[in-house]
Structures are given as C-alpha cells and as structure tokens.
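Chains as they are written, first to last, in my numbering: chain X, 1 to 353; chain A, 1001 to 1324.
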Amino acid sequence: MTALTRPTRTAGLPGRTLLRLGPVSLQVRRRAVLVGVVTTGLLLVAGVLSLSLGTPYVATPDVLRALSGAGTPYDLVVLDLRLPRLVLAAAAGAAFGVAGTLIQSVARNPLASPDIIGITQGAGLAATIALTSGAAAVLVAPSALLGGLAAAVLLLALGARHGLAAQRFVLAGVAVAFALRAVTEVVLLTADPIDGLRAQIWLIGTLAGKGWTETVWIAATLAVLLPVLAWAGWALNSSALDDDTARGIGLRPVARRIGLAGTGVVVAAMVTAQVGAVDFVALVAPQLARRLVRAERPPMVCAALVGALLLVLADLAGRRLFAPTQLPAGVLTAAIGGPYLMFLLLRGRRRPS
Amino acid sequence: MLSTRDLVAGYDERTVLDGLDLDLPADAFTVIVGPNACGKSTLLRTMARLLTPRRGTVLLDGAAIRDLPTREVARRLGVLPQSPLVPEGVTVADLVGRGRQPYQRWWRQWSADDGAAVDRAMALADVAGLADRPVDTLSGGQRQRVWIAMTLAQDTDALLLDEPTTFLDLAHQVEVLDLLHRLRAERGRTVVAVLHDLNQAARYADHLVAMRSGAVVATGAPREILTADLVREVFGLDCVVVPCPVTGAPLVVPGLTCPSLAGPTGAAAVPAPAAVPAPAAVPAPATGDSVVAGAGNPATTSPAEAGAPAHPAPAATTPVARHP
C-alpha cells in the first residue's frame, strides 16, 4: 500500500540525480555534487592564497592579473616559482585521494592506504637505494616507481591466494610495509651521511623544487587510466558487498578487487615516485570525503578534490608556518594525519551494527 | 529448471557432495532439509554457482551454468546467501537497487526498468516504507525482507535462499516464509530454500528434498514422503508424525528422549531413549494429542503475535489459506 503512494524510481535512487545523454545514464549523488562544488571553491581560494603568500607577498589582484597573462612584474614569482608547485600539490593530492579510495574500498578498511600497506615503503626503499648509491638524480623517480610496483606485486601475490580477502590484504600489506621499512633503515645507516639526509627528506616527502615535470607524470597517469577510473567509480558501488552476494548479482568479485587494487597501487606508486612519501593524504582524504557526502563508501571524485585541497594547504602551511624555515609537506600531512587516526580510534563504533 | 548431474563439490580437502543427481521442479517451492553438515548449503551454493564444483554439472534450463556468463545467470537466478554482510550506512532503496546490477553497465547506470523493478520488489517484500532508512538500523526480520527484495529486483524466474529464516524469531520466520509462498503462488516464481525446521518445510514446501551425508535420501511432496521412518533415517531422531491441526500437513513431533521431560500424561508409555522405540510404541493416542496440542498452539497463535508490528492480516490468514 505504501508503495502505491510513492513515486516510481524512474529518476534513480533517493539522494541521486540521473544524468542522461543518449544511451549513457549516470547516477550522481546530490550531496557529492554539493561537496565537490564547495571543495573546488575552497581549492581555488587556497590556490590564490598559496600564490600570493610568501616572500615577496603578491596581492590577490596582481596574482589574478599574472594568471590572466596580462604581463606583470610578478610573473616570475607567481607563474614560474609558485604556480608549478601549487599545481603539483593539487595533482599529487588528487592522485593520493584516488589511490586511497580504491585501496580502502578493496580492503573495506578506513585504515588501509598506500602508506599503510607498503606501496609507499617500496617506493621509499628504491628511492633510498638510488639516492645513496650515487645514481643519477633522474633515476630516483623511476626507481621509486619500480619499487612501489614491486611492493604491490609482492602484496598482491601474498593476498591474491585468498581472493584478496579484506583482512588478509591489510595484514599482508602491514607486514610488507614493516619489512621494507626495516631494509630502508639498514640502507640509511650504512650510507654516506649527506646522501642519507637527502634520502630522509625524500622519505618525508616534499614539493620543494618540483613542478611541471612531476605534474605531467601524475596527470598523464590519471589521464591514461581515465577509462579504468570511470569503471572503478561504478564498480566501487558494490565493493562493500560480500563475495557471495556479489556473485549472486552477476559480479566477479575477485577479478573486480584485483582490478581496483591494481589501479590503486599504480596510481599510488606513480605519485609517490614523483613527490616522495607524503603520508596520510591517501588515508584521510577518502574518509573525509565519505563523511562529507554521507555515503557508505568513499566517493572517488570528492576524495580526489579533498586530497588536492589537503596537500595544497599542507604545502602552504609548510612554506609559511616557520618561514623562512620550510617544512616538507609530508611533515604537515603527518601532523594532520596523526590526530585524525586518534579521532578514528576514539570515535570507534558508536553506532550499533 | 535446476538440475545437477554427477555433482562433486566441497571445501579444501573435504568432499561434501559426491556424485549428486537431482532435478528440481519449476514453478514450485522446494525446501531442502537435512541435519547440520549434510551438504544442503553446499548443494545450494553450488547450484547458485557461488561454489565451483570439482566435477559434474549444474544445469539451468538444460544449459550448463558454468558456460553461461555470470551476468546472464544473475538475470535468471537470484541468490540470497546465508548471512550477507550489510554495507555500513547503505539505505534500503540503495541496497535493493544493487539487485539491478546484471542489467547495468558503468555507462548505463539506471533505466526506467530499473526503477520499476526496484519499486515492485520493495512493494512485494513490504519494505517500500523503509526505502530511505539505513539497512544497519533495521531489525533482523526487516533486514531479511530487504535482502529478499534485492534478489527480487533481479527479476529472475528462480530464487535460491540459504537458510532465510535462521536467526529470526518465529513471527519473522512465518513472515519470510509467507512471502516466499506468495512468490510461488502469485508470481509463479521457482523458489528453492534450505530450512532447518521440518514442520515449516512440511507446511510450505511443494517439493521436499531430504539430504544426509551429502546424498539425497528422498524427494517428493511432504505429505507423501515425510514419515517417522524418513526422519529417523535422515536425522537419527525418533518421532511421531501426525497431521497438523491447522493445515493437515505432516507435523513432526520428536519422541521423548529424556524420561524426566514427560508431563503428567502418558509419561510411562514412552520408553527410554536408548531403547529406540518402534513408531507404534510411542503414539498412545493420549500422548499424541497432548503433545500435538502443545506444538500446535504456537503455530496457530504466533502469526497473530507476528503480525502486530508489520502486517497482521496476511500473516494471520495465510495458514488458513493454505488449508487443503
């Protein structure tokens, strides 16, 4: 009886809007659109702030004029020094958000992220070896990428035997992370002190002195993976279902998990190789986005925007808080991430399940 | 509809089903019964292609199910696993909507058919009023109806359910079984369920499959095959089978296994458990009547109690409706 009084759901599920374009129909959560728009606005504000704050200070109108290509005395500072680093922060933060979303959804665990399951540590070990062995500087990023992917292969090999079941996947990742970190420490201790220090900074993760080259690599990775990510955004909808239920509705859960986790680790390894081991963005951004959207799983696009905002703010704070001393962005993200973890633990399961 | 040929299935080292041949009738409510670990869930999971058989085939309308694309199977065969995991925070309409997965692609995420099917499924399972509630805040009985609605949204001819009434109180068990009965009787769906309660199986099933140690012991209409001998053979339990006072379906009343349980009537007539009484030795008419009355009461009164929260009328009338 109640059913008759309700409108039919031809317009999609509650809280969603249906976008139609010929044969294409996409379901979009209305709250996700709202969160996306607000986050984009905040990101733009943070971006302009990041371009104007610093020594020298550039007033907002001048920043906007420089961006519009009008030609100002501030072009060098704004366009050549600050903009590349800002864009890199946004791109890397977005990539971390995407990687974290994919990995957390597969692991069904808000604590899973590339820096917890060993991808970051694999990249870190390879980068440390490259930095302390006197290899050319251009080889650091490719080595880190290979290191991250190697750690991912090890992890998938350990976890895939059991269909990448959530618990085993996370535990295998934690084990891989610890083992790789131990090896990294050994390499650091035996290395030349100066090289060791450079490696330490890489391991914390910093955007200083980086810009367009790194951005291009990250953007290219995301662009190439775009069709996969479009599929992943849809596939994530059923990632919270158990395997039997998923098979019952015609899915292949193991293949799907390997696809999602594989995509996540490729993105994570690539972005870590470019900016170093910036912790916690991949951990925090998806869960923050999930809470804002009030969804049952992290929404990918919002997580990317939140990740971008977090890293832009972290880099800005790192540059300005103790100026002229510059803190690596990784220190700031860790400073945000630590309390966030405590919040997760304290909040716990207040809701009866 | 669904058949198995020389089916061998199990987990790791353990073989549970060893060469099973079975044909399940279309347009019937089939109930699979048997003791714990007899392989009834394994059979259901293998037929639903949740478990890959080691040997043999499952046939869906004559075609080997493993040769069919899993999406196509999902449009013809719905499955409700034993204890599905409720995603945290997901709403009822959202979860029921997942049942439309086999009709969707990432570029075609919703159609008018999807909307209509979700509405139909929620109305049928009587969860339309809960559409916007998070599933993890619902009671066990409501949750189970939501899961059934999800499988109904798949629009399949057949529905397989693994112990859909376990963990529910008696009133909610009756509610779920009534729903399954209506699906068969009013919508012509083929329903296959694993149940623990023999008396519920006898009341609701058109076709009964009794299993023991991975083999089928008997199949057929409950009134024809459910006897004290069958119960002893399958469960190793002595009992009396009498006609149910409400529906006339066979009613299984376990024999007295502890002499101290005997009430004031006819205690002396029941032999000690170890003595393995012949069926004739147990049912002195007085004993039978008093025990049946005791067992019959909950069956007749419970639907009324059950109905109070959700829908009193259908639950209370269904047993009468099924009276032959």
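Virtual Cβ for every residue (Gly too), placed ideally from N, Cα, C.
Could you confirm whether any beta carbon from chain X is found closer than 8 Å to the beta carbon of residue i?
i: Asp-1094(A); result: yes
i: Ala-1210(A); result: no
i: Asp-1067(A); result: no
i: Val-1192(A); result: no
i: Thr-1089(A); result: Reading off the sequence shown, one finds Gly at residue 1089(A), where the question assumed Thr. By this cut-off, Gly-1089(A) is an interface position.
i: Val-1079(A); result: yes
i: Ala-1074(A); result: yes
i: Leu-1085(A); result: yes
i: Val-1154(A); result: The question names Val, yet the displayed sequence has Gln at residue 1154(A). Yes, Gln-1154(A) counts as interfacial toward chain X.
i: Ala-1308(A); result: Because Ala-1308(A) carries a pLDDT of 41, less than 50, the predicted location of this residue cannot be relied on, and the following value inherits that uncertainty. Output row for Ala-1308(A): interface = no.
i: Arg-1014(A); result: no
i: Thr-1030(A); result: no
i: Arg-1071(A); result: yes
Look up residue i in the DSSP assignment and say whether it is helix, strand or coil.
i: Phe-169(X); result: helix
i: Cys-1244(A); result: coil
i: Tyr-74(X); result: coil
i: Leu-18(X); result: strand
i: Arg-1212(A); result: strand
i: Thr-60(X); result: helix
i: Leu-1002(A); result: strand
i: Val-1033(A); result: strand
i: Ala-1274(A); result: Note that Ala-1274(A) scores 44 on pLDDT, short of 50, meaning its location in the model is unreliable; the coordinates nonetheless yield the value given after this. The answer is helix: DSSP assigns Ala-1274(A) an H, G or I state.
i: Gly-1220(A); result: strand
i: Gly-1078(A); result: strand
i: Thr-39(X); result: helix
i: His-1207(A); result: strand
i: Asp-1018(A); result: strand
i: Arg-161(X); result: coil
i: Asp-115(X); result: coil
i: Ser-25(X); result: strand
i: Asp-1012(A); result: coil
Do residue i and residue j have their C-beta atoms within less than 8 Å of each other?
i: Ala-289(X); j: Trp-1106(A); result: no
i: Leu-241(X); j: Leu-1085(A); result: yes
i: Ala-112(X); j: Val-153(X); result: no
i: Ala-1064(A); j: Thr-1057(A); result: yes
i: Asp-279(X); j: Thr-206(X); result: no
i: Thr-1166(A); j: His-1196(A); result: yes
i: Leu-251(X); j: Met-300(X); result: no
i: Trp-1147(A); j: Leu-1080(A); result: yes
i: Ala-199(X); j: Leu-180(X); result: no
i: Asp-1061(A); j: Met-1001(A); result: yes
i: Gln-1104(A); j: Leu-26(X); result: no
i: Gly-1255(A); j: Cys-1244(A); result: no
i: Ala-177(X); j: Ile-129(X); result: no
If you measure from the beta carbon of residue i to each beta carbon in chain A, is any gap under 8 Å?
i: Pro-14(X); result: yes
i: Ser-238(X); result: yes
i: Ala-3(X); result: Note that Ala-3(X) scores a pLDDT of 40, beneath 50, so its modelled location is shaky; the value from the coordinates is reported in the next line. So yes, Ala-3(X) belongs to the interface.
i: Trp-212(X); result: no
i: Trp-358(X); result: As displayed, chain X neither begins before 1 nor continues past 353, which places residue 358(X) out of reach and without an answer.
i: Ala-230(X); result: yes
i: Val-222(X); result: Inspection of the sequence shows that residue 222(X) is occupied by Leu rather than by Val. For Leu-222(X), the answer is no, since every Cβ of chain A falls outside 8 Å of its Cβ.
i: Leu-18(X); result: yes
i: Leu-241(X); result: yes
Using a C-beta cutoff of 8 Å, does residue i count as contacting chain B?
i: Pro-23(X); result: Absent here is chain B; the protein component of the structure consists of chains X and A.
Got a sec: does the ligand ATP put a non-hydrogen atom nearer than 7 Å to the Cβ of residue i?
i: Arg-29(X); result: Within the structure as shown, the ligand ATP is missing, as the structure has no ligands at all.
### Task
Name, going along the chain, the residues of the region 243 to 270 of chain X whose beta-carbon falls closer than 9 Å to a beta-carbon of chain A.
Asp-243, Asp-244, Thr-245, Ala-246, Arg-247, Gly-248, Ile-249, Gly-250, Leu-251 and Arg-252
### Message
Measuring CB atoms only, is the region 1001 to 1010 of chain A touching the region 1168 to 1181 of chain A, in the sense that at least three cross pairs come out at less than 8 Å?
### Response
no
### Message
Count Cβ pairs between the region 1020 to 1040 of chain A and the region 1183 to 1202 of chain A that sit closer than 8 Å; are there 3 or more?
### Response
yes
### Task
Could you name the residues of the region 174 to 208 of chain X whose beta carbon sits closer than 7 Å to any beta carbon of chain A, in the order they occur along the chain?
none
### Message
Along the region 1094 to 1112 of chain A, where does the CB come closer than 7 Å to a CB of chain X? Name the residues.
### Response
The residues in question are Asp-1094, Gly-1097, Arg-1098, Gly-1099, Gln-1101, Pro-1102, Trp-1106, Trp-1107, Arg-1108, Gln-1109, Trp-1110, Ser-1111 and Ala-1112.
### Task
Flag this pair as touching only if the region 139 to 154 of chain X and the region 120 to 128 of chain X have three or more C-beta atom pairs under 8 Å; answer yes or no.
yes
### Message
Counting beta carbon pairs with one atom in the region 93 to 108 of chain X and one in the region 271 to 287 of chain X, are three or more of them shorter than 8 Å?
### Response
Taking a contact to require three or more Cβ pairs closer than 8 Å, the region 271 to 287 of chain X and the region 93 to 108 of chain X qualify as touching.
### Query
Using a Cβ cut-off of 9 Å, which residues of the region 1039 to 1050 of chain A contact any Cβ in chain X, in chain order?
Listed in sequence order: Arg-1045, Ala-1048, Arg-1049 and Leu-1050.
### Message
Below 8 Å, how does it come out for the region 37 to 57 of chain X and the region 303 to 315 of chain X: are there three or more Cβ pairs, yes or no?
### Response
Yes: the two stretches touch, three or more of their Cβ pairs being nearer than 8 Å.
### Query
Using a Cβ cut-off of 7 Å, which residues of the region 1121 to 1149 of chain A contact any Cβ in chain X, in chain order?
Met-1122, Ala-1123, Ala-1128, Gly-1129, Ala-1131, Asp-1132 and Asp-1136
### Task
Below 7 Å between beta carbons is the criterion; list the residues of the region 26 to 49 of chain X that meet it against any residue of chain A, in chain order.
The region 26 to 49 of chain X vs chain A, Cβ under 7 Å: Leu-26 and Gln-27.
### Task
Taking a Cβ distance cut-off of 8 Å, strictly less, list which residues of the region 280 to 296 of chain X are near chain A, in chain order.
Answer set for the region 280 to 296 of chain X: Arg-294, Ala-295 and Glu-296.
### Task
With 7 Å as the C-beta to C-beta threshold (strictly closer), list the residues of the region 301 to 315 of chain X near chain A in chain order.
For chain A, none of the residues of the region 301 to 315 of chain X brings a beta carbon within less than 7 Å of one of its beta carbons.
### At least 3 beta-carbon pairs within less than 8 Å: the region 1219 to 1236 of chain A vs the region 1062 to 1080 of chain A
By the Cβ criterion, the region 1219 to 1236 of chain A is not in contact with the region 1062 to 1080 of chain A, since fewer than three pairs of Cβ atoms, one from each stretch, lie closer than 8 Å.
### Query
Any chance the region 204 to 222 of chain X sits against the region 261 to 280 of chain X, with 3 or more Cβ pairs inside 8 Å?
yes
### Task
Can you give me, in chain order, the residues of the region 334 to 347 of chain X that have a beta carbon less than 7 Å from any beta carbon in chain A?
none
### Message
When you compare the region 1087 to 1094 of chain A with the region 1133 to 1148 of chain A, are there three or more beta-carbon pairs, one atom per stretch, that lie closer than 8 Å?
### Response
yes
### Message
Counting only Cβ-Cβ distances shorter than 8 Å, please list the residues of the region 119 to 146 of chain X near chain A, keeping chain order.
### Response
For the region 119 to 146 of chain X, the beta-carbon criterion of a distance under 8 Å to any beta-carbon of chain A is satisfied by none of its residues.
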